[in-house]
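One structure is given below, encoded as structure tokens.
Chains as they are written, first to last, in this note's numbering: chain A, 1 to 248; chain B, 1001 to 1248.
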């Protein structure tokens, strides 16, 4: 059951904070939609990155673009173990090991693979429950759905997009075949896949190997120079057009 | 001296056939511009593929899009040894060897490298002369210039873009580091670089190696599934937006 917490509006976009009760505990979420929206519309789900949360600046900026330029509804939720959600001992152990590995320059691949698999086991059914609940709202409805997520948002997005037939297109990226939870081969919807050419966290070959695995007949890899966090601004323009093309 | 041959108009675009006298002989060309255009505007140069010519269907389709959607002027010319232009014995030998190599599945790399270097020695100064002449026209003028060319159009485009400071942005692709004439390292303008992921003529690693060589701080690799000739239609949409962003 989706429980509304607050509703605010600015610059033409309404932002509704909500909580969804679920078997693993409450899921805190945000729904953005054009002011005074009525009736069914396409919906974008945004999966945030590792260590981030549903209202991280990059998430909010993307959500507002999709709402204002496309008239879409947009949802983000705090991923398991993120944004103040409870962390199990296993979460804590893996997150600590991951940070240590990044700091010492060790190979974080096996830890990331384990962490993403653990988180995805929880986040895939959570996203499905969020989708069920949000599509019941009058101003969202059962329109076509897109998924946007890079880095951890992609690692958790791959198994979700693979499992969920309501998702018709997705922007993924910034992760590789070795640290991504399973499902890439089962994805057949149109994709844009973002690669940072000088990514210090994801080996280039692993990124290309993951792109190779998707079964989608329409999939485009966009590679730009720069590190993990340096996706150029014009890629958001591209995401807007990509979803406009596939969800309208 | 640019000599006009004919002028026709359809669907809002005027097409002017011309010949430019040059030291290597006459260069046959086409200039597309919005009907009744007056005053200076951005200009796109389109370099056609191997075995094609200035009015190949793909060239015309792109030219008309740039003229109608962006209001730009667009020029294409027959490359040396193409479109009925004279072929030297060396041209003939290399083109024959290239075809034989493609048919027998041999390694065409050294032949393509030699052919592209030969053609570029002629086409770079030719493109510069075409640019000089076309920019003198009232409805073109000395606005910013873009270059669009893939496959041979890219192999000849790389040394041209490297040599010509009037070119401010370029779409290149479908060729690799081993068969491209020199100059990639000297290119610093924004680029979109197209790769066909299953290209039967250009090894994937060679494509990625060429992308690596460009010194541009803004360069985006777009990779799509499919063979050499199967660039998806939406990449032309992307080219339109790329040039709109950089030349307007």
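Where is the CB? At the ideal position from N, CA and C, for every residue including glycine.
Note that this is a predicted model, so its numbers are computed, not measured.
Beta bridge counterpart(s) of residue i as assigned by DSSP
{"i": "residue 1222 (chain B)", "result": "A:222, B:1194"}
{"i": "residue 142 (chain A)", "result": "DSSP, once it has assigned bridges, lists no residue as partnering residue 142 (chain A)."}
{"i": "residue 34 (chain A)", "result": "A:13"}
{"i": "residue 1148 (chain B)", "result": "B:1046, B:1171"}
{"i": "residue 28 (chain A)", "result": "A:19"}
{"i": "residue 7 (chain A)", "result": "A:16"}
{"i": "residue 2 (chain A)", "result": "A:20"}
Cβ distance (whole Å) where residue i is taken to contact residue j below 8 Å
{"i": "residue 1048 (chain B)", "j": "residue 1076 (chain B)", "result": "6 Å"}
{"i": "residue 50 (chain A)", "j": "residue 135 (chain A)", "result": "Their Cβ separation, rounded to whole angstroms, is 27 Å, which puts residue 50 (chain A) and residue 135 (chain A) out of contact at 8 Å."}
{"i": "residue 223 (chain A)", "j": "residue 195 (chain A)", "result": "4 Å"}
{"i": "residue 1191 (chain B)", "j": "residue 1216 (chain B)", "result": "5 Å"}
{"i": "residue 1034 (chain B)", "j": "residue 1071 (chain B)", "result": "5 Å"}
{"i": "residue 245 (chain A)", "j": "residue 1102 (chain B)", "result": "No, residue 245 (chain A) and residue 1102 (chain B) are not in contact; Cβ-Cβ is about 35 Å, not under 8 Å."}
Burial state of residue i, where buried means 16 or more other Cβ atoms lie within 10 Å
{"i": "residue 1005 (chain B)", "result": "exposed"}
{"i": "residue 1041 (chain B)", "result": "buried"}
{"i": "residue 1052 (chain B)", "result": "buried"}
{"i": "residue 79 (chain A)", "result": "buried"}
{"i": "residue 108 (chain A)", "result": "buried"}
{"i": "residue 1179 (chain B)", "result": "buried"}
{"i": "residue 10 (chain A)", "result": "exposed"}
{"i": "residue 39 (chain A)", "result": "exposed"}
{"i": "residue 1138 (chain B)", "result": "exposed"}
{"i": "residue 1015 (chain B)", "result": "buried"}
{"i": "residue 239 (chain A)", "result": "buried"}
{"i": "residue 198 (chain A)", "result": "exposed"}
{"i": "residue 154 (chain A)", "result": "buried"}
Short Cβ contact (8 Å threshold) for residue i with residue j
{"i": "residue 1120 (chain B)", "j": "residue 1205 (chain B)", "result": "no"}
{"i": "residue 123 (chain A)", "j": "residue 160 (chain A)", "result": "yes"}
{"i": "residue 13 (chain A)", "j": "residue 85 (chain A)", "result": "no"}
{"i": "residue 17 (chain A)", "j": "residue 27 (chain A)", "result": "no"}
{"i": "residue 43 (chain A)", "j": "residue 140 (chain A)", "result": "yes"}
{"i": "residue 1111 (chain B)", "j": "residue 1158 (chain B)", "result": "no"}
{"i": "residue 127 (chain A)", "j": "residue 62 (chain A)", "result": "no"}
{"i": "residue 1168 (chain B)", "j": "residue 1045 (chain B)", "result": "no"}
{"i": "residue 232 (chain A)", "j": "residue 1219 (chain B)", "result": "no"}
{"i": "residue 213 (chain A)", "j": "residue 177 (chain A)", "result": "yes"}
{"i": "residue 243 (chain A)", "j": "residue 146 (chain A)", "result": "yes"}
{"i": "residue 156 (chain A)", "j": "residue 91 (chain A)", "result": "no"}
{"i": "residue 162 (chain A)", "j": "residue 143 (chain A)", "result": "no"}
{"i": "residue 1030 (chain B)", "j": "residue 1055 (chain B)", "result": "yes"}
{"i": "residue 114 (chain A)", "j": "residue 94 (chain A)", "result": "yes"}
{"i": "residue 1228 (chain B)", "j": "residue 1172 (chain B)", "result": "no"}
{"i": "residue 193 (chain A)", "j": "residue 221 (chain A)", "result": "yes"}
{"i": "residue 1209 (chain B)", "j": "residue 1002 (chain B)", "result": "no"}
task = Any chance you could list the beta strand (DSSP E) runs of at least 3 consecutive residues sitting entirely within the segment 48–114 of chain A, in chain order?
result = 73–77
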